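Chain order of the listed sequences is R and H.
The working numbering numbers the first residue of the first sequence as 1 and each following residue consecutively.
The working numbering numbers the first residue of the second sequence as 1001 and each following residue consecutively.
Glycine included, C-beta positions come from ideal geometry on N, C-alpha and C.
Fair warning: this is a prediction, and the values are worked out from it, not measured in the lab.
Here is the structure we will look at, set down as structure tokens.
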Amino acid sequence: MDRAELSITLHRTGDEAVLRLAGEIDMLTAAQLSTVVNEVLADPPPRIVLDLGGVTFCDSQGLGTLVVLSRKASHAQSLLMLTHVGDFLIRVLDITGLRSALMIRNDQPTG
Amino acid sequence: MSAEAGPATAGARDGAVRRVRLPADRRTPAAARAVVRSVLTESHLDELANEALLLTTELTTNAVEHARTELDIEVVADEIGLTVTVSDFAPGSGDELTVGDRNDSTEINEVSVRGRGLLLVDHFASRWGTTYLPTGKGVWFRLDRPGADQPSSGTIGESTPANAGPRPSTDGSAPSASAMSELMQTAPDLYGDDPLPDFATSLLSRVAEMVGAAGGTIRLDRGDGQGSQVLARFGRPPRPGSDLLRVPLTVHRPYAGELELDAAPSAYAQPLAVLTAERLSLHLENDRLRRADVRRQVWLTFLAEASELLAQSLDVDLTMALVPQLVVPRLGQWCAVHTTDEWGRLRLAAASHADESMLPQLHKVLAETGPDSIQARLREASRSAAQIPLGGPMEGFAVPLIARGQRLGTLAVGRHQRHRHDPDEVAVLEDVARRAALAIENARIHAERRRVAQTLQQSLLPPVLPLVDGIGFAAEYVPTGDDAEVGGDFYDVVPLPDGRWLVVIGDVSGKGVQAAAVTGLVRDVIRVLVGDGKPLPEALARLNETLVERGGGRYCTLALAAVGQGEGGQLDVSLHLAGHDRPVLLAAAGGAGFVGTGGTALGLLDTITSPTAEITLAPGDSLIFYTDGVTERRRGRELFGTDRLRDAAAPLAGYSADVVAARLRAAAINFSVEPPRDDIAVLVLRNDAT
């Protein structure tokens, strides 16, 4: 069992912060994600990219956290973008109707 | 896809079952996922992994956040899918289950953060629903392999897991035959202590699951004064304003109740609820009859015991005091007995309260007067000869005490602390009142009889002995211990026409009123005869004839002594003994001896002999008469006897007649601790000349 739960690596370039997430997002790890993004938002770059390529699981709490973070980013004049979103998570986003509210750029290569 | 009431775990016997209990912790969803993941792998259901892990996480997260109790996760897998049930141990936590809305806003600020868990469950699950367990709530979902056939209800095995109820009715279709048969076959535990609540709960949960009710209640009022009580409860309490399905229970008075289901009255819900209510009612009726039977037996025993106690008491006051002791606390918090006096007024005879410290207050309330006082109500009960309720601080009711048509008073009983009197208790109290009234009446009659006997006896004795110059008379009389029985002893001192005095002491055989009547006869005949100046032997002969004719077989012993002044301060005594014990002559100088000659007792033979003994009493000499009550005073087998009497008299030489009589009485009484079996009479005649 992957006890690492969620690992986040942050790459900051001039106008974007890229967070690579690996592991599971649920009630245990969502707070960890919030903390890191909030730190980034302390000095908000124009764009924050959450690379979900390594995310094996995300529940509704994770989605809720993404909603909160997107909202905060937009308040901070930043844009939160999701990349490498898995097929199942896309389905979940469709079902919940969040796909249209969140910025998803799966085709975009990440830096 | 609509929520259902119970997981159907088809084919569980062929698949894997895994149960774990996890703490309410943030890591629990991950742990639950691990469990589900392992079952999926074992059962080759990996294709369901995404959905299964997501839904498991949603349910677990909900439970961790809302119930905050430990969780039971049960995963049941078979070849076509799996069922996961997450149960908590929180009582009544059934109301947070809302499927959130799907978001349809593209503006992130308008998107809600939470409430999507059940939306996802509802979307992905083949079926899902909730189960309400006695310990808490369970939410379950079923995921089937894509393309797998839904098993039809007929092929479902009966080996459902513990928390799996009967098959839920899916999409408003008819309840399955097996569910129906389970509803019909549920039966109370015959050997249980009180199997009804369990049975009712089991029936209620089955019917609630069948009709998809979120909750339900069965209320029952046993008519025992405790009002409507919840017999069984299932699921969450109904929300205000929700549509409730109510069916009355078909039970007989005093029972009443209803079955309530938090469900819309669908095509099946109504008849199923009616069916369940009827099934439960049958057992409730049974319970009612059994309880009534047991109660009646208990009351019968109580009444029998009460009757026995009351019957043993022949004392009015004791009977009055006994009644509240019988009633409190079994039949009420307090009890007061009032009796009617000869003017028809009620008088408090006895009162008792279960709480001793309340007794002063009870007395205070009972003493109150006024139109609404308990006293007024009691008068009404007595007057109307009917049961009357009592209000106010001492709530209860009053029953009149009536025996043989006579109003003897009232019995007031306070209600129980928790409930009012039920009809059975009222009937028992009326019975107690009847029995108490009879006992009081009996005791009164007994007391009356005793009073009559004593009055009769007193009337047979001279109220005071005459004061005669030079002659001292003294008498002591002790009636028998049994107050109601009149003894046949009597004594008299009568003036004779020739200036002498006649001392009479006698004993009529037998006891009771008849003996007393003969005693009166003897006394009066003697008075008449000697008043006419008849010589004593002739008087005795005439008395004998009278007794033989009129005495009803009773006989009489008699001592007659005509006393007159003699020469030199002496008293001349002519003594006639008709079968009576010889009197003791106590000389002033000392020495005591028996004097007189025995004659025939009266009333036995047609003719009698009555020899006369002439005795002279020197100044200070005493002649002591007595009845057999003195000499036959018993100590075990030993009798007091004449010799002991004489010996007791000897040291009393020279004392006045009063002293001698009193001392001899004391000597006889003190001889034994037993109460006297016969009347004791001592009469002393003394020459008081100086």
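Roughly how many angstroms separate the alpha carbons of residue i and residue j, rounded to a whole number?
{"i": "Leu1054 (chain H)", "j": "Gly1212 (chain H)", "result": "25 Å"}
{"i": "Arg1239 (chain H)", "j": "Ala1263 (chain H)", "result": "11 Å"}
{"i": "Leu1685 (chain H)", "j": "Phe1473 (chain H)", "result": "5 Å"}
{"i": "Asp1144 (chain H)", "j": "Thr1057 (chain H)", "result": "18 Å"}
{"i": "Leu1280 (chain H)", "j": "Tyr1132 (chain H)", "result": "20 Å"}
{"i": "Val1337 (chain H)", "j": "Ala1321 (chain H)", "result": "8 Å"}
{"i": "Leu1362 (chain H)", "j": "Asp1317 (chain H)", "result": "20 Å"}
{"i": "Arg105 (chain R)", "j": "Met81 (chain R)", "result": "7 Å"}
{"i": "Gly1192 (chain H)", "j": "Ser1205 (chain H)", "result": "19 Å"}
{"i": "Ala1164 (chain H)", "j": "Ile90 (chain R)", "result": "Below a pLDDT of 50, predicted positions are generally treated as unreliable, and Ala1164 (chain H), at 40, falls in that range; the measurement from the model is reported next regardless. Computed Cα separation, rounded: 34 Å."}
{"i": "Leu1303 (chain H)", "j": "Leu1429 (chain H)", "result": "9 Å"}
{"i": "Pro1237 (chain H)", "j": "Arg1246 (chain H)", "result": "14 Å"}
{"i": "Phe1671 (chain H)", "j": "Ala1613 (chain H)", "result": "31 Å"}
{"i": "Thr1201 (chain H)", "j": "Gly1136 (chain H)", "result": "14 Å"}
{"i": "Val1532 (chain H)", "j": "Ala1668 (chain H)", "result": "The residue asked about is misnamed: residue 1532 (chain H) is Asp in this sequence, not Val. Cα-Cα distance, rounded: 37 Å."}
{"i": "Trp1501 (chain H)", "j": "Pro1400 (chain H)", "result": "58 Å"}
{"i": "Asp1507 (chain H)", "j": "Arg1330 (chain H)", "result": "53 Å"}
{"i": "Tyr1536 (chain H)", "j": "Ile1402 (chain H)", "result": "The identity of residue 1536 (chain H) in the sequence shown is Leu, whereas the question assumes Tyr. Using only the alpha carbons, I get a separation of about 56 Å."}
Considering only C-alpha positions, which residue in the set the options is nearest to residue i?
{"i": "Ile1445 (chain H)", "options": "H:Arg1102, H:Gly1257 and H:Thr1319", "result": "H:Thr1319"}
{"i": "Gly1636 (chain H)", "options": "H:Glu1674, H:Leu1272, H:Ala1125 and H:Gly1392", "result": "H:Glu1674"}
{"i": "Val1525 (chain H)", "options": "H:Val1494, H:Leu1259 and H:Lys1511", "result": "H:Val1494"}
{"i": "Val85 (chain R)", "options": "R:His75, R:Asp107, R:Leu79 and R:Gln32", "result": "R:Asp107"}
{"i": "Leu1560 (chain H)", "options": "H:Leu1496, H:Arg1554 and H:Val1518", "result": "H:Leu1496"}
{"i": "Ala1447 (chain H)", "options": "H:Pro1188, H:Asp1315 and H:Asp1243", "result": "H:Asp1315"}
{"i": "Ala1351 (chain H)", "options": "H:Trp1334, H:Gly1593, H:Ser1357 and H:Thr1339", "result": "H:Trp1334"}
{"i": "Pro1583 (chain H)", "options": "H:Gly1603, H:Arg1527, H:Leu1664 and H:Val1528", "result": "H:Leu1664"}
{"i": "Val1207 (chain H)", "options": "H:Pro1271, H:Glu1567 and H:Val1327", "result": "H:Pro1271"}
{"i": "Ala1437 (chain H)", "options": "H:Ala1661, H:Gln1406 and H:Leu1048", "result": "H:Gln1406"}
{"i": "Phe1199 (chain H)", "options": "H:Asp1647, H:Leu1231 and H:Gly1596", "result": "H:Leu1231"}
{"i": "His1283 (chain H)", "options": "H:Asp1189, H:Leu1245, H:Gly1215 and H:Val1328", "result": "H:Asp1189"}
{"i": "Asp1424 (chain H)", "options": "H:Pro1134, H:Asp1293 and H:Arg1677", "result": "H:Asp1293"}
{"i": "Leu47 (chain R)", "options": "R:Thr96, R:Gly14 and R:Ile90", "result": "Leu is not the amino acid found at residue 47 (chain R); the sequence shown has Arg there. Closest option to Arg47 (chain R), Cα to Cα, is R:Gly14."}
{"i": "Asp1060 (chain H)", "options": "H:Pro1535, H:Asp1679, H:Ser1087 and H:Lys1534", "result": "A quick correction: the sequence has Thr, not Asp, at residue 1060 (chain H). The candidate whose alpha carbon is nearest that of Thr1060 (chain H) is H:Ser1087."}
{"i": "His1252 (chain H)", "options": "H:Pro1329, H:Glu1285, H:Gly1227 and H:Val1274", "result": "H:Glu1285"}
{"i": "Glu1074 (chain H)", "options": "H:Ile1080, H:Thr1631 and H:Ala1031", "result": "H:Ala1031"}
What is the residue span of the alpha helix (DSSP H) that residue i lies within?
{"i": "Thr1085 (chain H)", "result": "No alpha helix (DSSP H) holds Thr1085 (chain H); the beta strand (DSSP E) holding it covers Gly1081 to Ser1087."}
{"i": "Met1210 (chain H)", "result": "Pro1195 to Val1211"}
{"i": "Phe1671 (chain H)", "result": "Where Phe1671 (chain H) is concerned, there is no enclosing alpha helix (DSSP H), given that its DSSP letter is neither H nor E."}
{"i": "His1123 (chain H)", "result": "Gly1117 to Phe1124"}
{"i": "Phe1139 (chain H)", "result": "The identity of residue 1139 (chain H) in the sequence shown is Val, whereas the question assumes Phe. Here Val1139 (chain H) belongs to no alpha helix (DSSP H); instead the beta strand (DSSP E) covers Gly1136 to Asp1144."}
{"i": "Phe88 (chain R)", "result": "Asp87 to Thr96"}
{"i": "Gln975 (chain H)", "result": "The structure shown has nothing for residue 975 (chain H), since chain H only spans 1001 to 1690."}
Tell me which residue opens and which closes the beta strand (DSSP E) that residue i is part of.
{"i": "Lys72 (chain R)", "result": "Not the beta strand (DSSP E): Lys72 (chain R) falls in the alpha helix (DSSP H), residues Ser60 to His75."}
{"i": "Thr1766 (chain H)", "result": "Nothing in the structure corresponds to residue 1766 (chain H), since chain H is present only between 1001 and 1690."}
{"i": "Ile1402 (chain H)", "result": "Gly1396 to Ala1403"}
{"i": "Gly1472 (chain H)", "result": "Ile1471 to Val1478"}
{"i": "His1576 (chain H)", "result": "Leu1571 to Ala1578"}
{"i": "Arg1246 (chain H)", "result": "Leu1245 to Pro1248"}
{"i": "Asn1687 (chain H)", "result": "Ile1680 to Asn1687"}
{"i": "Val1017 (chain H)", "result": "Ala1016 to Leu1022"}
{"i": "Val1251 (chain H)", "result": "Premise fails: Val1251 (chain H) is in no beta strand (DSSP E) and is neither H nor E."}
Give me, in chain order, the residues of the same chain whose beta-carbon lies closer than 8 Å to that of residue i; leave out the 5 immediate sequence neighbours on both sides.
{"i": "Arg1222 (chain H)", "result": "Gln1229, Pro1254, Tyr1255, Arg1288 and Arg1291"}
{"i": "Ile25 (chain R)", "result": "Leu6, Leu33, Val55, Phe57, Cys58, Asp59, Gln61, Gly62 and Thr65"}
{"i": "Leu1529 (chain H)", "result": "Glu1538, Ala1539, Arg1542 and Leu1543"}
{"i": "Asp1224 (chain H)", "result": "Pro1254, His1419 and Asp1422"}
{"i": "Leu1602 (chain H)", "result": "Val1522, Leu1540, Leu1543, Asn1544, Leu1547, Tyr1555, Cys1556, Thr1557, Leu1558, Ala1578, Gly1579 and Ile1608"}
{"i": "Arg1026 (chain H)", "result": "Val1064"}
{"i": "Pro1197 (chain H)", "result": "Leu1231 and Ala1232"}
{"i": "Val1327 (chain H)", "result": "Cys1335, Ser1352, Leu1411, Val1413, Leu1429 and Val1432"}
{"i": "Gln1150 (chain H)", "result": "With a pLDDT of only 49 at Gln1150 (chain H), under 50, the local geometry of the prediction cannot be trusted, and the value read off the model is given with reservation. Contacts found: Ser1126 and Asp1144."}
Closer than 6 Å by C-beta to residue i: which residues in its own chain qualify, once you throw out the five before and the five after it? Chain order, please.
{"i": "Ile1505 (chain H)", "result": "Tyr1491, Ala1559, Phe1625 and Leu1683"}
{"i": "Arg1021 (chain H)", "result": "Glu1070 and Asp1072"}
{"i": "Arg1307 (chain H)", "result": "Here residue 1307 (chain H) turns out to be Ser, not Arg, going by the sequence shown. Contacts found: Arg1435."}
{"i": "Leu1359 (chain H)", "result": "His1353"}
{"i": "Val1121 (chain H)", "result": "Leu1055, Glu1058, Trp1128 and Phe1141"}
{"i": "Ala1592 (chain H)", "result": "Val1584, Leu1586, Arg1646, Ala1649 and Ala1650"}
Tell me which same chain residues have a C-beta within less than 7 Å of the C-beta of residue i, skipping the five on either side of it?
{"i": "Ile1388 (chain H)", "result": "Arg1377, Glu1380, Ala1381, Phe1397 and Ala1398"}
{"i": "Val1365 (chain H)", "result": "Ile1374, Pro1393 and Met1394"}
**OP:** Quick one: which unbroken alpha helix (DSSP H) runs of 4-plus residues sit fully inside the segment 1300-1370 of chain H? Chain order, please.
**Re:** 1316-1327 and 1359-1367
Which runs of the beta strand (DSSP E) spanning at least 3 residues fall entirely within the segment 1496-1523 of chain H, listed in chain order?
1501-1508
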